[in-house]
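Working notes, beginning with the structure itself.
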Amino acid sequence: MKVINPATGATLRILRDDTRDTLQDMYMRLKVTQPKWAATSLAERMKIIARFSQLLQTHIERLAGILTSETGKPLQQSRNEINGARTRIQWMLDNAEKFLADEWVTNSDALKEKISYEPLGIVCNISAWNYPYLVGVNVFIPALLAGNAVLYKPSEYATLTGMEIESLLVQAGLDPNLFVVATGGKETGEALLTMKLDGYFFTGSYKTGKYIYEKVAGKMVPCQLELGGKDPLYVADDINDIAAVAAATADGAFYNNGQSCCAVERIYVHEKIYDEYVNAFVTSVRSWKLGLPTEEGVYFGALTRPDQLKVLEDQILEARAKGATLLLGGKRIEHEGNFFEPTILADVDNKMKVMQEESFGPIIGIMKVNSDAEAVELMNDTDYGLTAAVYSGSQERAAQILSQVNSGTGYWNCCDRVTAGLPWAGRKHSGFGATLSHQGLRAFTKTKSWQMKSE
Ligand code: NAD
1 MKVINPATGA TLRILRDDTR DTLQDMYMRL KVTQPKWAAT SLAERMKIIA RFSQLLQTHI
61 ERLAGILTSE TGKPLQQSRN EINGARTRIQ WMLDNAEKFL ADEWVTNSDA LKEKISYEPL
121 GIVCNISAWN YPYLVGVNVF IPALLAGNAV LYKPSEYATL TGMEIESLLV QAGLDPNLFV
181 VATGGKETGE ALLTMKLDGY FFTGSYKTGK YIYEKVAGKM VPCQLELGGK DPLYVADDIN
241 DIAAVAAATA DGAFYNNGQS CCAVERIYVH EKIYDEYVNA FVTSVRSWKL GLPTEEGVYF
301 GALTRPDQLK VLEDQILEAR AKGATLLLGG KRIEHEGNFF EPTILADVDN KMKVMQEESF
361 GPIIGIMKVN SDAEAVELMN DTDYGLTAAV YSGSQERAAQ ILSQVNSGTG YWNCCDRVTA
421 GLPWAGRKHS GFGATLSHQG LRAFTKTKSW QMKSE
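Written out as structure tokens, the structure reads:
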């Protein structure tokens with residue numbers, strides 16, 4: 001497998017894909033070691049994870065450089081991601097005891113009843129490239145804290161980062177037979193689906209997620225899917241500062257070149273403020289620098305996957321043919337690497353692909369609406385259900401709207417953010433099951449109900 005720098009086209013490394021045989025060897029190593037790990041105290045496991053987090057901090061510049069080199073993400077955004085992962089780890093460490101300890105339900109002389117949280121065993125984590133630290137940490141940290149071993153398949157676009165994570169976990173004191181990286185793309189992922197693993201935790205596209213779900217169904221083990229989104233944002237007519245809202249929401253659409261599962265992918269704006277909002281939005285996006293992701297101050301780096309450039313071109317072509325107005329950008333940049341102009345389309349409607357299919361790139365459609373009711377209807381007109389945002393001067397108005405939208409997360413006056421204490425969960429084609437929060441700590445366990453009576 002060739003690891004390519006998406007900003008320069010240079011080959012960074014050539015790696016050997018894992019085969020069914022090497023994966024089976026890994027499985028055997030994990031299988032022998034996992035019960036010993038499960039038998040260590042939670043405090044001991046927490047100590048190792050805390051050391052891992054410290055190592056992320058110590059090596060942040062080198063790690064950010066590697067992440068940028070294989071994904072094209074601007075260096076500062078790579079640093080932000082690693083810091084964000086450390087914040088999540090800290091929340092997990094602060095809450096692991098509370099949510100993984102035995103829970104007593106009845107504790108009398110005659111009857112004792114409790115719930116214990118046992119590890120699943122060997123957990124398979126097939127992961128995405130867009131935030132390899134964040135989406136990785138959501139899975140492998142709570143999995144390890146709960147006493148599991150992890151077979152981790154990073155995306156083929158973030159394998160060097162996966163290998164760094166493996167090495168830092170070992171440096172932190174983890175037995176090398178508890179967290180193992182499987183190298184490769186689709187074929188390696190396919191091979192993992194045929195193995196006898198005790199849980200499948202996937203982050204990636206709807207198409208792959210659906211395939212995995214179908215493939216592992218017969219195993220009757222937990223399967224959790226964190227998939228894509230087409231996240232809507234509505235700007236109501238009672239916002240106080242149009243320019244500030246335009247800047248914040250543009251960042252929600254374009255951060256990480258729009259390659260976030262919870263990136264704002266469609267914007268609906270009340271007609272009373274539409275023109276002013278759109279002008280301010282374009283001004284903000286124009287002010288952000290595009291360039292090599294290694295240059296400080298760059299906001300738009302390279303896109304990670306070359307194939308996505310064609311997807312963006314198709315969406316723009318179709319939208320313009322159906323009457324959309326191109327306000328900014330619209331084409332790939334003729335330069336080495338995967339660069340695309342930040343693109344803003346106005347006068348769009350929900351029949352266009354740009355308002356229906358995940359774009360996962362620096363492109364946004366903005367549509368005028370005449371009421372909150374129309375906004376709700378359009379926001380719900382999607383196969384996805386990850387997040388939805390409302391900007392309004394009134395919390396009550398925003399809550400009223402968000403309560404009618406079928407999404408796992410609702411944002412009032414914010415967007416494109418994830419927080420460790422709340423469940424991160426999609427609906428519909430955005431997947432099911434939750435990471436983060438108490439649910440995410442317990443997702444890697446199976447409950448045992450204890451019913452104990454004295455003779
Ligand atoms: P992808 O589905 O192309 O790949 C994800 C992983 O699956 C990779 O490791 C890949 O090698 C593996 N894979 C591909 N085909 C496989 C197969 N047939 N069997 C087993 N494994 C296979 O997704 P991607 O391009 O890496 O990630 C982008 C997608 O992930 C977007 O849709 C994004 O919205 C989504 N995402 C969701 C979240 C979330 O929390 N909901 C977070 C990040 C990314």
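When we follow UniProt numbering, the leftmost residue of the sequence shown carries the number 1, and every step to the right adds one.
Idealized CB from N, CA, C, for every residue including glycine.
Using only alpha-carbon positions, find the residue among the options that is nearest to residue i.
{"i": "alanine 279", "options": "Phe300, Gly330, Gln224, Ile366", "result": "The sequence shown places asparagine at residue 279, rather than the alanine named in the question. Among Phe300, Gly330, Gln224, Ile366, the Cα nearest to that of asparagine 279 is on Ile366."}
{"i": "threonine 419", "options": "Asn406, Arg397, Thr387", "result": "Thr387"}
{"i": "leucine 95", "options": "Ile141, Gln57, Asp109", "result": "Correcting the residue type first, residue 95 is asparagine in the shown sequence and not leucine. Minimum Cα distance to asparagine 95 is reached at Ile141."}
{"i": "glycine 199", "options": "Lys186, Gly218, Ser205", "result": "Gly218"}
{"i": "methionine 28", "options": "Val216, Phe444, Leu151", "result": "Leu151"}
{"i": "alanine 443", "options": "Ala425, Lys453, Ile364, Gly291", "result": "Ala425"}
{"i": "tryptophan 91", "options": "Ser454, Ser449, Thr435, Gly421", "result": "Gly421"}
{"i": "valine 311", "options": "Glu276, Ile363, Arg266, Tyr274", "result": "Ile363"}
{"i": "glutamate 187", "options": "Glu455, Ser454, Asp17, Arg427", "result": "Asp17"}
{"i": "valine 369", "options": "Tyr277, Leu23, Thr409, Gly329", "result": "Tyr277"}
{"i": "glutamate 97", "options": "Phe339, Ala43, Val282, Phe360", "result": "Ala43"}
{"i": "phenylalanine 281", "options": "Asp416, Ala346, Ser260", "result": "Ala346"}
{"i": "residue 537", "options": "Thr409, Cys415, Leu192", "result": "Shown here, the chain extends from 1 to 455; a query on residue 537 therefore has no answer."}
{"i": "leucine 15", "options": "Lys428, Thr325, Gly184", "result": "Gly184"}
{"i": "arginine 427", "options": "Arg417, Ser407, Gln439", "result": "Ser407"}
{"i": "aspartate 25", "options": "Val3, Ser454, Leu178, Thr87", "result": "Leu178"}
{"i": "glutamine 54", "options": "Gly361, Ile401, Ala110, Ile89", "result": "Ile89"}
{"i": "valine 235", "options": "Ala375, Gln315, Leu111", "result": "Ala375"}
{"i": "leucine 12", "options": "Gln57, Arg86, Ile66", "result": "Ile66"}
Where does the unbroken alpha helix (DSSP H) through residue i begin, and where does it stop?
{"i": "phenylalanine 99", "result": "75 to 100"}
{"i": "tyrosine 277", "result": "274 to 286"}
{"i": "leucine 144", "result": "132 to 145"}
{"i": "aspartate 21", "result": "20 to 39"}
{"i": "valine 354", "result": "No alpha helix (DSSP H) holds valine 354; DSSP gives it neither H nor E."}
{"i": "threonine 188", "result": "186 to 193"}
{"i": "glutamate 214", "result": "206 to 216"}
{"i": "aspartate 372", "result": "372 to 380"}
{"i": "glycine 440", "result": "437 to 442"}
{"i": "leucine 67", "result": "60 to 71"}
{"i": "isoleucine 401", "result": "395 to 402"}
{"i": "isoleucine 165", "result": "159 to 171"}
Answer yes or no: the CB of residue i versus the heavy atoms of the ligand NAD, is any distance below 6 Å?
{"i": "lysine 310", "result": "no"}
{"i": "asparagine 256", "result": "no"}
{"i": "glycine 204", "result": "yes"}
{"i": "glutamate 118", "result": "no"}
{"i": "asparagine 125", "result": "no"}
{"i": "alanine 128", "result": "yes"}
{"i": "serine 155", "result": "yes"}
{"i": "valine 181", "result": "no"}
{"i": "threonine 294", "result": "no"}
{"i": "residue 485", "result": "In the structure as shown, the chain starts at 1 and stops at 455, and residue 485 therefore has no counterpart that could be examined."}
{"i": "threonine 208", "result": "yes"}
{"i": "glutamate 226", "result": "yes"}
{"i": "tyrosine 211", "result": "yes"}
{"i": "lysine 186", "result": "yes"}
{"i": "glycine 189", "result": "yes"}
{"i": "valine 135", "result": "yes"}
{"i": "cysteine 415", "result": "no"}
{"i": "cysteine 261", "result": "yes"}
What residue range does the beta strand (DSSP E) around residue i cover?
{"i": "histidine 270", "result": "264 to 270"}
{"i": "alanine 126", "result": "It is worth fixing the name first, because residue 126 is isoleucine in this sequence and not alanine. Note, isoleucine 126: beta strand (DSSP E), 122 to 126."}
{"i": "leucine 386", "result": "Run containing leucine 386: none; DSSP gives neither H nor E here."}
{"i": "isoleucine 366", "result": "363 to 369"}
Which word fits residue i, buried or exposed, when buried means at least 16 other C-beta atoms lie within 10 angstroms of its C-beta?
{"i": "glycine 337", "result": "buried"}
{"i": "tryptophan 129", "result": "buried"}
{"i": "aspartate 102", "result": "exposed"}
{"i": "cysteine 124", "result": "buried"}
{"i": "lysine 153", "result": "buried"}
{"i": "serine 252", "result": "Checking the sequence shown, residue 252 turns out to be glycine, not serine. It counts as buried."}
{"i": "glutamate 334", "result": "exposed"}
{"i": "proline 132", "result": "buried"}
{"i": "serine 260", "result": "buried"}
{"i": "asparagine 5", "result": "buried"}
Any C-beta of chain C sitting closer than 7 Å to the C-beta of residue i?
{"i": "glutamine 77", "result": "Annotation note: the requested chain C is absent from the structure, which comprises a single protein chain."}
>> Pairs of beta-carbons, one from the stretch 269 to 283 and one from the stretch 303 to 319, closer than 8 Å: are there three or more?
In response: At 8 Å Cβ cutoff, the stretches do not touch.
> Per the contact definition of three or more C-beta pairs closer than 8 Å, is the stretch 113 to 121 in contact with the stretch 159 to 167?
Replying inline: Contact between the stretch 159 to 167 and the stretch 113 to 121 is absent, because fewer than three Cβ pairs lie under 8 Å.
> Touching or not, the stretch 368 to 386 and the stretch 229 to 240, by the rule of three or more beta carbon pairs under 8 Å?
Replying inline: Taking a cut-off of 8 Å for Cβ pairs, the stretch 368 to 386 and the stretch 229 to 240 touch, as three or more such pairs fall below it.
> Hey, is the stretch 171 to 181 in contact with the stretch 43 to 52, meaning 3+ C-beta pairs nearer than 8 Å?
Replying inline: Two segments are said to touch when three or more pairs of C-beta atoms, one from each, lie closer than 8 Å; by this definition the stretch 171 to 181 touches the stretch 43 to 52.
> Do the stretch 247 to 260 and the stretch 285 to 301 touch if we need at least three Cβ pairs shorter than 8 Å?
Replying inline: Segment contact: the stretch 247 to 260 against the stretch 285 to 301, three or more CB-CB distances shorter than 8 Å; contact assigned.
>> With three or more beta-carbon pairs closer than 8 Å as the criterion, would you say the stretch 30 to 42 touches the stretch 62 to 70?
In response: A contact between stretches requires three or more CB pairs, one per stretch, nearer than 8 Å, and the stretch 30 to 42 fails this requirement with the stretch 62 to 70.
>> Three Cβ pairs or more, each shorter than 8 Å: is that satisfied between the stretch 129 to 139 and the stretch 429 to 443?
In response: Yes: the two stretches touch, three or more of their Cβ pairs being nearer than 8 Å.
> Is the stretch 72 to 81 in contact with the stretch 289 to 297, if contact means three or more CB pairs nearer than 8 Å?
Replying inline: Yes, the stretch 72 to 81 is in contact with the stretch 289 to 297.
>> Tell me whether the stretch 237 to 247 and the stretch 203 to 212 touch, counting them as touching only if at least three CB pairs, one residue from each stretch, are closer than 8 Å.
In response: No, because fewer than three Cβ pairs between the stretch 237 to 247 and the stretch 203 to 212 fall closer than 8 Å, the two stretches do not touch.
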